[in-house]
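Scroll down for the structure; my scribbles are underneath it.
Number of protein chains: 2
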Amino acid sequence: MRGSFQALRTIPFQTSIRPKSTKGRAKRPKMASQNVASADDFGEHVESTSVPGKQSTERFPRSSRPNAFTELMRHKPTAQEADKPTQKTVFAGRDGLAAYTIDPESFPPTRVVYHNERFVVINDLYPKASIHLLLLPRDPIKNVMRPQDAFDDAQFLEDCRQEEKKVRATVASELRRRFGKHSASDRPRIEAMESDDPPDELPPGRDWAQDVMSGIHANPSMSHLHIHVLSKDMVSEPMKKRNHYLSFTTDFLVGLEHFPLAKDDYRRRYTHFPEDMLCWRCGENFGNKMSKLKEHLAMEKEQWIRE
Amino acid sequence: MRGSFQALRTIPFQTSIRPKSTKGRAKRPKMASQNVASADDFGEHVESTSVPGKQSTERFPRSSRPNAFTELMRHKPTAQEADKPTQKTVFAGRDGLAAYTIDPESFPPTRVVYHNERFVVINDLYPKASIHLLLLPRDPIKNVMRPQDAFDDAQFLEDCRQEEKKVRATVASELRRRFGKHSASDRPRIEAMESDDPPDELPPGRDWAQDVMSGIHANPSMSHLHIHVLSKDMVSEPMKKRNHYLSFTTDFLVGLEHFPLAKDDYRRRYTHFPEDMLCWRCGENFGNKMSKLKEHLAMEKEQWIRE
DNA sequence: TATTCCGATAGTGAC
DNA sequence: GTCACTATCGGAATGAG
Chain S
1 MRGSFQALRT IPFQTSIRPK STKGRAKRPK MASQNVASAD DFGEHVESTS
51 VPGKQSTERF PRSSRPNAFT ELMRHKPTAQ EADKPTQKTV FAGRDGLAAY
101 TIDPESFPPT RVVYHNERFV VINDLYPKAS IHLLLLPRDP IKNVMRPQDA
151 FDDAQFLEDC RQEEKKVRAT VASELRRRFG KHSASDRPRI EAMESDDPPD
201 ELPPGRDWAQ DVMSGIHANP SMSHLHIHVL SKDMVSEPMK KRNHYLSFTT
251 DFLVGLEHFP LAKDDYRRRY THFPEDMLCW RCGENFGNKM SKLKEHLAME
301 KEQWIRE
Chain C
1 MRGSFQALRT IPFQTSIRPK STKGRAKRPK MASQNVASAD DFGEHVESTS
51 VPGKQSTERF PRSSRPNAFT ELMRHKPTAQ EADKPTQKTV FAGRDGLAAY
101 TIDPESFPPT RVVYHNERFV VINDLYPKAS IHLLLLPRDP IKNVMRPQDA
151 FDDAQFLEDC RQEEKKVRAT VASELRRRFG KHSASDRPRI EAMESDDPPD
201 ELPPGRDWAQ DVMSGIHANP SMSHLHIHVL SKDMVSEPMK KRNHYLSFTT
251 DFLVGLEHFP LAKDDYRRRY THFPEDMLCW RCGENFGNKM SKLKEHLAME
301 KEQWIRE
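These protein sequence lines map, in sequence, to chains S and C. Each residue of the first sequence is one higher than the one before, starting from 1 at the first, in UniProt numbering. Each residue of the second sequence is one higher than the one before, starting from 1 at the first, in UniProt numbering.
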């Protein structure tokens, strides 16, 4: 299982016109940069919001506006490949996560990032950040408990923590893959990797793990237990509503390190969001002005990437 | 002036394929009923919302859905004739009524119903009922006063009352013209008029004057004094918002008989609408459900006409 | 705090 | 309550035989 996970983590950017995988630290062919530029250039806002699965194909969200060149270069997804809501997921309402835990194989690799006996990891159907994965425990008992109750079980909690570590590493790795070449602190590593004579030991580069958040929502709407693992930029097309933003930027998001919660911890019964929306990066108060906040977050994302 | 007004009142249904006017009680030719059926049939929802002016041409609001026959029969308005907002009116904001009082001749006859030295009567640009006229005093001093203050002047008030009587009669006459043939109580009169041997004295028919409302808004938004004169059905496409409805169905609408107001009358400083919306005809409470109310009002209009 | 659809609510800008 | 535009806010349904 760990071997499979490792392989996954190192799967580079994929399109149908690239080999399906390259090995761990292998030097990328220079021509790969063309593909990278066509789809990963955040300046063009065309990066995919999903982490590639084992046989994934690249896709673009509807909000993408590829220019003429990228339009020519990119692989047009077929209806089957398209990573859209399906009858099984969207129309199942609050039980929409059940199908993943029961039959992960029935979903396209763009949706299910990986799965093992105890967990399924998927790309959130409505990502609220550039990268947004869900870690779904498959245990059908724990599955339908409120997370605050399920995590009273020490063993289950520990299992989730272990798996969450892997998912966090996946997100960090994906951040580097997508944005590393725009990051000042990642540049030494990138340049070493792409040099004609790469060193045996790469420079560490940027610690993207610091830009990963995770935890459960104190009052989830979906009935199956899901652990959010996402980048902290909060920029995505489906990020539309006040509660979307606040659910990841307040203590409504409860990290696994807080569990088990005390019996009287208020996060066992969180009710609503009285708070203003504050930019996660600069702290500016946007009150309830979602449109203004979204513009601002897009700007902050660029700055954040360039760090 | 009175002669001109009388002529106006008796101008029958008009299209470009009919003579511009017929005299007072003159017997209508039978073929006129074809025109009446084509444009006045409320069952087809094709009546114009505007009262014809002296040289008016018939028009249809965008919401009209004429059937194939009426489509063939009717005169298609040109862009110039079209009774749409103009730069002069709409873009003048709160002063949009000024232009009518200053230069009524510059407007098409579909807009200005009539004018004399002291008053201009127009079709409301956004009618809130099947028929909705505005009586505009031209006096440039009184003009820009709040109506509650302007009507403290007894002579001005009396002048407005006299003119309002005429406008109310115009609206009543227009109601008969449009809806009389669908009205049970108006039928004896209609049948007498259309008979081969009409009596010298027509039966009185329905008293449409009872279906006319008028008055000023206690807190008008438009800066020029305007007296609303309208049918009580409250059915129109521009009737969209809660305040539209409540402004005509509560004591926010103040009839001229109430003036001059006592110095401390609350209607001198009306603030807001705390009220639910009640159907003017059956009293049903629609709370703040505007869509539901609109559906209901359309049904009530049909019943009301058939009375 | 699943989304989507519809509709009600609120602020602004027009000149 | 001038409208029109944008956006925010608020409830209800969401599947299927």
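All residues carry an ideal CB built from backbone N, CA and C; glycine is no exception.
Query raised in the report: Among 163(S), 53(S) and 259(S), which has the Cα closest to the Cα of residue 151(S)?
Result: 259(S)
Query raised in the report: Tell me which same chain residues have a C-beta within less than 8 Å of the C-beta of residue 26(C), skipping the five on either side of it?
Result: Unreliable positioning characterises residue 26(C) in this predicted model, as indicated by a pLDDT of 38, which lies under 50. The coordinate reading is nonetheless provided below. Closer than 8 Å at Cβ, skipping near neighbours: no residue.
Query raised in the report: Looking at the structure shown, is residue 256(S) part of a helix, part of a strand, or coil, going by DSSP?
Result: helix
Report task. Check whether the Cβ atoms of residue 171(C) and residue 231(C) lie closer than 8 Å to each other. Result -> yes
Query raised in the report: Counting pairs of beta carbons, one from the segment 147-163 of chain C and one from the segment 252-269 of chain C, are three or more of them closer than 8 Å?
Result: yes
Query raised in the report: Considering only residues of the UniProt domain "HIT" (109-233) of chain C, which uninterrupted beta strand (DSSP E) runs meet the minimum length of 3 residues and lie entirely inside it, listed in chain order?
Result: 112-115, 119-123, 132-137, 212-217 and 227-231
Query - residue 287(S) versus residue 176(C) - alpha carbon distance - result: 55 Å
Query raised in the report: Where does residue 285(C) sit, in a helix, a strand or coil, going by DSSP?
Result: strand
Requested in this report: Could you tell me which of 289(S), 282(S) and 219(S) sits nearest to residue 269(S), measuring between CA atoms?
Outcome: 219(S)
Requested in this report: Taking all protein chains shown into account, decide if residue 235(C) is buried (16 or more other Cβ within 10 angstroms of its Cβ) or exposed.
Outcome: buried
Query raised in the report: Just reading off the alpha helix (DSSP H) that residue 246(C) is part of, what are its end residues?
Result: 242-249
Query raised in the report: Mapping DSSP to helix, strand and coil, what is residue 97(C)?
Result: coil
**Report entry** Rounded separation between residue 159(C) and residue 196(C) - CA only
**Finding:** 43 Å
Query raised in the report: Using the beta-carbon count (16 or more within 10 Å), is residue 202(C) buried or exposed?
Result: exposed
Query raised in the report: Three or more C-beta pairs closer than 8 Å, one from the segment 182-193 of chain S and one from the segment 203-210 of chain S: is that the case here?
Result: yes
Requested in this report: Go to residue 299(C), then tell me how far its alpha helix (DSSP H) extends in each direction, as first and last residue.
Outcome: 290-306
Query - Nearest-angstrom Cα separation, counted from residue 178(C) out to residue 184(C) - result: 14 Å
Requested in this report: Taking only the alpha-carbon atoms, compute the straight-line gap between residue 256(C) and residue 243(S) and give it to the nearest angstrom.
Outcome: 51 Å
Report task. Please list, in chain order, all residues of the same chain as residue 253(C) whose beta carbon is under 6 Å from its beta carbon, the five residues on each side excluded. Result -> 215
Query raised in the report: When the Cα of residue 120(C) is compared with those of 132(C), 129(C), 103(C) and 307(C), which residue comes out closest?
Result: 103(C)
Query raised in the report: How would you call residue 114(S), buried or exposed, if buried means at least 16 neighbouring beta carbons within 10 angstroms?
Result: buried
Report task. Sort 282(C), 97(C), 267(C) and 105(C) by Cα distance to residue 126(C) and report the nearest one. Result -> 97(C)
Report task. Kindly give me the distance between the Cβ atoms of residue 139(S) and residue 118(S), rounded to whole angstroms, as I take these residues to be in contact under 8 Å. Result -> 7 Å
Query raised in the report: Looking at residue 246(S) and residue 284(S), is the spacing between their C-beta atoms short of 8 Å?
Result: no
Query raised in the report: Cα-Cα, which of 142(S), 131(S), 48(S) and 130(S) is closest to residue 225(S)?
Result: 142(S)
Report task. Tell me whether the beta-carbon of residue 48(S) lies closer than 8 Å to the beta-carbon of residue 144(S). Result -> no
Query - Whole-angstrom C-beta distance between residue 132(S) and residue 305(S), which should lie under 8 Å - result: Actually they are not in contact, since the Cβ atoms of residue 305(S) and residue 132(S) sit about 16 Å apart, beyond 8 Å.
Query - Closest Cα partner of residue 186(C) within the set 52(C), 307(C) and 165(C) - result: 307(C)
Requested in this report: Measure the CB-CB distance between residue 291(C) and residue 94(C) and report whether it falls below 8 Å.
Outcome: no
**Report entry** Distance between residue 238(C) and residue 109(C) (C-alpha atoms, nearest Å)
**Finding:** 21 Å
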